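Remarks on the structure that follows.
Written as structure tokens, this is what we have:
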């Protein structure tokens, strides 16, 4: 395949990325949206893996999820079902979804629906549970399950009704605005969460019975500064999906981790995963924890970096730079600038106020990654490596080079013979 | 007075500025809070002035205010009352209040109450009306008066009830957070307005009847990105007041404009004003308007610059820098850095994320202003110079040097003989 043909394919992918118009349009039970999510099937983050290969936090989340669904009465019987192969594990990405950290989704869980109004495709993500003891980090006690049931029974119907009245919310506009307000839309979603609350509120107060459950839903939304993360992920997925499957295109369309392996997808190679062992994040730990307790990198949230947000937009978010262990604004800027070396364009929508409105680096080209040896930076939460504990810190990680090398080799093997 | 005695006085003033804890504690009718605000009395922004000296937008606001109070049936009869000297004009600052632009406050208008919990003093500001045709910019038609009545009858009681349930809101914390989110708290209050909405909401939904008036109050709050400005002004006033009246202190404790004159107060010289003609702002105009339509600089909002926010914090807010006609982040940074030359400290609370967390320049020293010839920068709205029209743009202005020179001369005349 000629250089010019690859450039044309990449230009077409970029055009689709930049034309995307992701709207948050609903919150519906997963089983209603995804026929693939039959009883006994559970979604997880990252590339596919067997039960035997699962990491501690994913096991913790799976044990909790089986109890939440009523498939098991306790953690031990959940574990027995999983060990007996009675549960089907599928990647979120295989059904158009993305989930942060363990990414566990079961049929009764509500999913955020994001529709790309330019192309008509949809992407899904679970509701962000908040901080503290949460399923996505592998915690699974009674408080975790009670919150999941409240999200299902109370929050999801209220949010869905508000969205129907609103006619959907334009996420690209909200995300662009949040970048001007110090969010990088991975580790920090303070502004975006406040803006989406502000946008939804006039509708929420008109369709939700008051004082309850309105007050409880308002408490949940106003108390969760990471609420928007899952919307940013679904928006990124809905934006990137139309750029997948373009013949000859060398752009990366997904990066995701299951806590054991780190995987990427290449546009030209469709849904095929290229994987390498998940790296260990570097970061800051909550009191009482250290790197020795950390699980390897985990979650579908790297979809936001795949679009040029998160660590790619670190210059937007000096506060995050410090939080993830970078000392100065200059260092934050260097992370963003390094990502320019492995991408093909700057976003015309997502602008960096501290860099005079230049766009975030967008369109990771596997050829540039392999040529430079520079791999994508990713901002991330850090889970305890044992089941049932939860978040212990936050930090940064660099994607492993090996999966990019494999992907480029596979690309070359297919496209050179057709060139 | 010795140099050391002045430094000690300034250090004491700074200590009071930095110890201040301004909380939003209520919204009450002005006449309930201010016994000085008798029937027939109207407050205005800036230093004192006679009816004859008033500018166009202040005349427009006064004509509207008299109709709002029921003291006049129409603009013509309002004008007649004013011309006949039947109305007493007083500066907001003379009663512990601050008002943006024309700053007009009458007895029935609700005022935000901000209490400095460290020193027990209070400051007041009217509710921000939103954008478009509003009294503070000199508009006075039926829609302007109807909104003022709605604020009085509906919004103010709802907000006050929510605040009582909340036990007050810590404004210093909200303002510090907003600076990390691209606000400079004068021209841009997007983040602060969203954060205060988020903080008040759990209380608001529990004390306000639903669906109405809750829905209308939520619409007002979520639709007004400058809602927080008036809170920032009252917080700045409540913070600065305890630093006023310190013998030997050369710090500026107020800057305010009435559209005709620009005035400052010096700590050592208490409530005395030093004035010079109000300068013309430089900025961007709404379509159809130009500098020829602009009124000279107007409003008490420069109280936020007096505390080190607004233009002093321009580096926090690259988006504002462009809006007010500065081209780049580097230029925004230069405005903040220039203000370091005329201030004595950096705030330990209000930090600039783009400058690696350094504090905003705080404590304008009249000696430094006169020595360097550099005067404070101020971000500002621009009003049409005729009564009844309203806002036509936004921009920046530099305070006139003459009032600082007068203040320093007066300081020297008093304190040198006691030295």
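Residue numbers (the working numbering), protein chains in the order written: chain A, 16 to 434; chain B, 16 to 434. Backbone N, C-alpha and C define an ideal beta-carbon position, used for all residues, glycine too. Computed from a predicted structure; not experimentally measured.
Strand pairing of residue i, partner residues [DSSP]
{"i": "residue 38 of chain A", "result": "A:130 and A:185"}
{"i": "residue 410 of chain A", "result": "A:298 and A:395"}
{"i": "residue 273 of chain B", "result": "B:313"}
{"i": "residue 138 of chain B", "result": "B:129"}
{"i": "residue 59 of chain A", "result": "A:106"}
{"i": "residue 289 of chain B", "result": "B:279"}
{"i": "residue 44 of chain A", "result": "A:125"}
{"i": "residue 112 of chain B", "result": "B:139"}
{"i": "residue 267 of chain B", "result": "B:281"}
Assigned secondary structure, residue i (DSSP; H/G/I helix, E/B strand, else coil)
{"i": "residue 386 of chain A", "result": "helix"}
{"i": "residue 25 of chain A", "result": "helix"}
{"i": "residue 223 of chain B", "result": "coil"}
{"i": "residue 429 of chain B", "result": "helix"}
{"i": "residue 371 of chain A", "result": "coil"}
{"i": "residue 88 of chain B", "result": "coil"}
{"i": "residue 380 of chain B", "result": "strand"}
{"i": "residue 102 of chain A", "result": "coil"}
{"i": "residue 361 of chain B", "result": "strand"}
{"i": "residue 117 of chain B", "result": "coil"}
{"i": "residue 348 of chain A", "result": "helix"}
{"i": "residue 318 of chain B", "result": "helix"}
{"i": "residue 146 of chain B", "result": "coil"}
{"i": "residue 402 of chain A", "result": "coil"}
{"i": "residue 162 of chain A", "result": "helix"}
{"i": "residue 53 of chain A", "result": "coil"}
{"i": "residue 215 of chain A", "result": "helix"}
{"i": "residue 77 of chain A", "result": "helix"}
{"i": "residue 200 of chain A", "result": "coil"}
{"i": "residue 366 of chain B", "result": "strand"}
{"i": "residue 172 of chain B", "result": "helix"}
Same chain, Cβ closer than 7 Å to residue i, five either side skipped, listed in chain order
{"i": "residue 261 of chain A", "result": "24, 27, 28, 282 and 283"}
{"i": "residue 394 of chain A", "result": "199, 201, 202, 325, 326, 335, 339 and 411"}
{"i": "residue 434 of chain A", "result": "Its pLDDT being 46, under 50, residue 434 of chain A is placed unreliably by the model, and nothing is read from it."}
Residues near residue i by beta carbon distance below 8 Å, same chain, minus five either side
{"i": "residue 200 of chain A", "result": "190, 193, 194, 207, 243, 244, 247, 319, 324, 325 and 328"}
{"i": "residue 368 of chain B", "result": "194, 195 and 331"}
{"i": "residue 204 of chain B", "result": "193, 198, 240, 241, 242, 243, 244 and 247"}
{"i": "residue 158 of chain B", "result": "148"}
{"i": "residue 97 of chain B", "result": "66, 74, 77, 78 and 81"}
{"i": "residue 89 of chain B", "result": "82"}
Same chain only: Cβ atoms within 6 Å of residue i, ignoring 5 sequence neighbours per side
{"i": "residue 51 of chain A", "result": "110"}
{"i": "residue 382 of chain B", "result": "265"}
{"i": "residue 134 of chain B", "result": "257"}
{"i": "residue 215 of chain B", "result": "177"}
{"i": "residue 122 of chain A", "result": "45, 46 and 52"}
{"i": "residue 68 of chain B", "result": "275"}
{"i": "residue 131 of chain A", "result": "35, 37 and 253"}
{"i": "residue 41 of chain A", "result": "128, 175 and 178"}
{"i": "residue 86 of chain B", "result": "none"}
{"i": "residue 372 of chain B", "result": "366"}
Whole-number beta carbon distance between residue j and residue i, since they are thought to touch under 8 Å
{"i": "residue 34 of chain A", "j": "residue 129 of chain A", "result": "Rounded, the Cβ-Cβ distance is 16 Å, inconsistent with contact."}
{"i": "residue 347 of chain B", "j": "residue 341 of chain B", "result": "6 Å"}
{"i": "residue 184 of chain B", "j": "residue 163 of chain B", "result": "Going by Cβ atoms, the distance from residue 184 of chain B to residue 163 of chain B rounds to 24 Å, so no, they are not a contact pair."}
{"i": "residue 400 of chain A", "j": "residue 376 of chain A", "result": "Contact doesn't hold; Cβ gap of about 32 Å is too wide."}
{"i": "residue 118 of chain B", "j": "residue 59 of chain B", "result": "5 Å"}
{"i": "residue 392 of chain B", "j": "residue 350 of chain B", "result": "5 Å"}
Contact check, residue i vs residue j, beta carbons under 8 Å
{"i": "residue 275 of chain A", "j": "residue 64 of chain A", "result": "yes"}
{"i": "residue 291 of chain A", "j": "residue 415 of chain A", "result": "yes"}
{"i": "residue 397 of chain A", "j": "residue 410 of chain A", "result": "yes"}
{"i": "residue 412 of chain A", "j": "residue 296 of chain A", "result": "yes"}
{"i": "residue 61 of chain B", "j": "residue 273 of chain B", "result": "yes"}
{"i": "residue 226 of chain B", "j": "residue 220 of chain A", "result": "yes"}
{"i": "residue 287 of chain A", "j": "residue 269 of chain A", "result": "no"}
{"i": "residue 259 of chain A", "j": "residue 285 of chain A", "result": "yes"}
{"i": "residue 124 of chain B", "j": "residue 82 of chain B", "result": "no"}
{"i": "residue 72 of chain A", "j": "residue 313 of chain A", "result": "yes"}
{"i": "residue 112 of chain B", "j": "residue 263 of chain B", "result": "no"}
{"i": "residue 234 of chain A", "j": "residue 108 of chain A", "result": "no"}
{"i": "residue 173 of chain B", "j": "residue 142 of chain B", "result": "no"}
{"i": "residue 378 of chain A", "j": "residue 363 of chain A", "result": "no"}
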